[in-house]
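Student: Numbering (our numbering), first residue to last: 12 to 140. Cβ coordinates follow ideal geometry from the N, Cα and C atoms, glycine included. Handing you a structure now.
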């Protein structure tokens, strides 16, 4: 299987030189995804809504590449305020509670824009039929 690039259509992907996801064989690598609602092009103020939006974007990219959320094997979370961890983890439990990938949480001083509270990146491996 050849390398395939998945895009959200954002002009920033070309400007910054990245893809939302790269499919390479049985693996999908989803870039750091922030909490934008791409339907309205808005960023919610709260970390709970941002986390849900991250997972919605990640799920769409995986689906486009022929993967499912259950294929996620690794996830990295970046939070700008560690006080948001419990609210963020509540969403993670809703979405990934049965999947339980290997995970890391990092508290960072900032993300690209000040309104961004969370960024999530995942790696998925297609499961054998």
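1. In the region 59-122, which residue ranges form an unbroken alpha helix (DSSP H) of at least 4 residues, counting only runs that do not cross its ends?
2. Using three-state DSSP, classify residue 135 as helix, strand or coil.
3. If we count the other Cβ atoms within 10 Å of its Cβ and call it buried at 16 or more, is residue 123 buried or exposed?
4. DSSP state of residue 42, grouped into three classes?
5. Tell me, please, which residues DSSP counts as bridged to residue 130.
6. What residue does the alpha helix (DSSP H) around residue 27 start on, and which one ends it?
7. Where does residue 57 sit, in a helix, a strand or coil, going by DSSP?
8. Do residue 119 and residue 91 have their beta-carbon atoms positioned less than 8 Å apart in this structure?
9. Is it the case that the region 105-112 contacts the region 21-33, given that we only count it when at least three CB pairs across the two stretches are under 8 Å?
10. So, are the CB atoms of residue 58 and residue 114 less than 8 Å apart?
11. So, does the region 82-90 touch the region 46-54, judging by three or more C-beta pairs under 8 Å?
Tutor: This is what the structure gives:
1. 96-107
2. strand
3. exposed
4. strand
5. 45 and 89
6. 22-27
7. coil
8. Against a cut-off of 8 Å, the Cβ pair of residue 119 and residue 91 comes out as a contact.
9. In short, these stretches do not touch, since the Cβ pair count stays below three.
10. no
11. no
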